[in-house]
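Engineer: If you scroll down you'll find the structure; I have some questions about it.
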Amino acid sequence: MKRFLTFAMAMFVACSVSFAQDAKDLMKERAAISKMAKQQLSAKVDKATKKEAKRLAKEGYVVAPGSLPLAKQLQRSYEMEYQYDDQGFPKYIMANAMTIAQNYDAGKTAATSLAVTNLAGQIQTEVAALIENTVANEQLSPEEAASITETVMASKNLISQSIQRTITVVECYRILPNKNREVMIRIAYSGDMAKQAVRETVKKKLGNKADKLHNQLDKALGF
């Protein structure tokens, strides 16, 4: 009984540390987004972004009541897309999706789900490029890189299932002649969380059979 209680207490502490770290990461992410949002609200929209917003408006796209104007949404999207960390990895990974449904809510749900699937594909591509870069820098052997990349590219569904807390950066729709709604969504996902999702997915996929590859993956991802 005493041994069981000791084990249970250890598990509780481990879970508490993990939860605290997740909460810390979440607050850090929210603070960064809040800071960016304040800057974007006061910033002027550039001509190219205004032109794109006008093009979409001309095609019939509008934003939902209470949402930011389309030009502001596009501006935020572009600014997030071109931010990179010290490794050259995107600070935010972006994905788009468009669906048609009988009503807006159904269209938004379907588009968001499809965007998450597309996001998993983008994460695979970015991580594969990062691993290739580690080979170029002689941090990984070609054989190790090939094994990790193969596992990552075969894990799209698992990566998709592990994605949480995406940020909707562009959301608009238009009413088609048949009265259906065509909904267009663009989502962003924290690059750090994307790396963590890949890390956990690969470790689940490989199990305990490839500790060396686990360590090499951690090194490539910057853990």
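Once you know that position 90 of the sequence shown is 1321 in my numbering, the rest is easy, because the numbers rise by one and skip nothing.
Glycine included, C-beta positions come from ideal geometry on N, C-alpha and C.
The structure displayed is predicted, hence computed values, not measured ones.
1. For the alpha helix (DSSP H) containing residue 1431, list its first residue and its last residue.
2. Specify, as a first and last residue, the run of the beta strand (DSSP E) that residue 1404 falls within.
3. Can the beta-carbon of residue 1371 be found less than 8 Å from the beta-carbon of residue 1320?
4. What residue range does the beta strand (DSSP E) around residue 1324 cover?
5. Take the Cβ of residue 1407 as the centre, count every other Cβ of all protein chains shown within 10 Å, and call the residue buried at 16 or more, exposed below.
6. I need the straight-line Cα distance from residue 1354 to residue 1285, nearest angstrom please.
7. Compute the Euclidean distance between the alpha carbons of residue 1395 and residue 1343, then round it to the nearest angstrom.
8. Are residue 1414 and residue 1348 touching if we call contact CB-CB under 8 Å?
9. Under the rule that 16 or more other beta-carbon atoms within 10 Å means buried, what is residue 1447, buried or exposed?
10. Whole angstroms is fine: what's the gap from residue 1443's alpha carbon to residue 1411's?
11. Quick check: the Cα distance between residue 1339 and residue 1351, rounded to an integer number of angstroms?
12. Nearest by alpha-carbon distance to residue 1391: which of 1427, 1294 and 1409 is it?
13. Count the other CB atoms within 10 Å of the CB of residue 1452; is the residue buried (16 or more) or exposed (fewer)?
14. How is the alpha helix (DSSP H) around residue 1313 delimited, first residue to last?
15. Output the distance between the C-alpha atoms of residue 1269 and residue 1307, rounded to the nearest integer angstrom.
16. Do you know offhand how far residue 1374's Cα is from residue 1304's?
17. On the DSSP bridge assignment, give the partners of residue 1366 in chain order.
18. Could you pull out every residue in the same chain whose Cβ sits closer than 7 Å to the Cβ of residue 1309, ignoring the five residues on either side in sequence?
19. Would you check if the distance between the CB atom of residue 1292 and the CB atom of residue 1403 is smaller than 8 Å?
20. Quickly, what does DSSP pair residue 1293 with across the bridge? List them, please.
21. Could you have a look at residue 1450 and say whether DSSP puts it in helix, strand or coil?
22. Note down, in chain order, each residue of its chain lying with its Cβ closer than 6 Å to the Cβ of residue 1311, except the 5 sequence neighbours on either side.
23. Is residue 1417 closer than 8 Å to residue 1433 when the C-beta atoms are compared?
24. Starting from residue 1307, follow its DSSP beta bridges and name the residues at the other end.
Structural biologist: Straight from the coordinates:
1. 1422 to 1437
2. 1398 to 1406
3. In this structure, residue 1320 does not lie closer than 8 Å to residue 1371 by Cβ.
4. 1323 to 1332
5. exposed
6. 31 Å
7. 12 Å
8. no
9. buried
10. 53 Å
11. 18 Å
12. 1427
13. buried
14. For residue 1313, there is no enclosing alpha helix (DSSP H), as DSSP marks it with neither H nor E.
15. Model confidence at residue 1269 stands at a pLDDT of 49, short of 50, so the residue's coordinates are unreliable; what they give is reported in the following sentence. When only Cα atoms are considered, residue 1269 and residue 1307 end up about 11 Å apart.
16. 43 Å
17. DSSP lists no partner for residue 1366.
18. 1280
19. Yes.
20. 1404
21. helix
22. 1323 and 1419
23. Going by C-beta atoms, residue 1433 is not nearer than 8 Å to residue 1417.
24. According to DSSP, residue 1307 bridges with nothing at all.
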